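Undergrad: Before I ask anything, here is the structure I am working with.
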Amino acid sequence: MAKYIVTLLWLTLICSPIAHSADRPRISAEEAKSLVIAGLPLKTRQLPQFEVDQDKEGQPGGEYYNFYALWAGLPNGSVTIGTYAVDPSTGDVFDSAMECEELSTPELQKLQATLRSKIGLSDSEYHTIKKKGPLCG
Numbered sequence: 250m251a252k253y254i255v256t257l258l259w260l261t262l263i264c265s266p267i268a269h270s271a272d273r274p275r276i277s278a279e280e281a282k283s284l285v286i287a288g289l290p291l292k293t294r295q296l297p298q299f300e301v302d303q304d305k306e307g308q309p310g311g312e313y314y315n316f317y318a319l320w321a322g323l324p325n326g327s328v329t330i331g332t333y334a335v336d337p338s339t340g341d342v343f344d345s346a347m348e349c350e351e352l353s354t355p356e357l358q359k360l361q362a363t364l365r366s367k368i369g370l371s372d373s374e375y376h377t378i379k380k381k382g383p384l385c386g
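Written as structure tokens, this is what we have:
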């Protein structure tokens, strides 16, 4: 009987982080958009008609929020500044065009810390669930 109880407790301890992370609150799409904006240089955010739009179709599996940064553009030029992916579990922001490049600015880091605290993500849990990015192999 004691062996059964020990085994049950051991299984509970092993499985609880998995269940805990699956039930964890996630960063909202609107908060993710704010993270993308905070991760871009001020010069970029000051471009004419700058905006960040969410790609509603997203990536297969919905693992990331995906965004396009846009501006008025030049004549005969692109209006797209870049494409970005946000991990809703951690608030990490990735440049989708640069494969594994993660955005990092002081403003972004401050906002990430605030949102991670809001969803109850400790530093140790963050390092446990952190991913390399949507396009990293």
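In our numbering, the protein residues as written are 250 to 386.
Don't be surprised by glycine CBs; every beta carbon is placed ideally from N, CA and C.
These numbers come from a predicted model, not from an experiment.
Verify whether the separation of the beta carbon atoms of V342 and L284 is less than 7 angstroms.
TA: Cβ atoms of V342 and L284: closer than 7 angstroms.
Undergrad: Let me make sure I understand the geometry here. Which of W320, A334 and S277 has the alpha-carbon closest to that of G288?
TA: The option with the nearest alpha carbon to G288 is A334.
Undergrad: Where does the unbroken alpha helix (DSSP H) through I340 begin, and where does it stop?
TA: It is Gly, not Ile, that sits at residue 340 in the sequence shown. Per DSSP, G340 belongs to no alpha helix (DSSP H) and is neither H nor E.
Undergrad: Using the C-alpha atoms, what's the distance from L352 back to Y375?
TA: Using only the alpha carbons, I get a separation of about 17 angstroms.
Undergrad: Per the contact definition of three or more C-beta pairs closer than 8 angstroms, is the segment 357-374 in contact with the segment 272-286?
TA: Output reads yes: the segment 357-374 touches the segment 272-286.
Undergrad: From I378 to N325, what does the alpha carbon distance come to, in whole angstroms?
TA: Those two C-alpha atoms are separated by around 43 angstroms.
Undergrad: Decide if S373 is buried, meaning its Cβ has at least 16 other Cβ atoms within 10 Å, or exposed.
TA: Label assigned to S373: exposed.
Undergrad: Here's the rule I'm using: 16 or more other beta-carbon atoms within 10 Å means buried, otherwise exposed. How should L360 be labelled?
TA: L360 comes out buried.
Undergrad: Out of T339, K381, A346 and G382, state which residue places its alpha-carbon closest to the alpha-carbon of I330.
TA: Measuring from the Cα of I330, the nearest candidate turns out to be A346.
Undergrad: State buried or exposed for G382, treating a residue as buried only when at least 16 other CB atoms are found within 10 Å of its CB.
TA: Burial call: buried.
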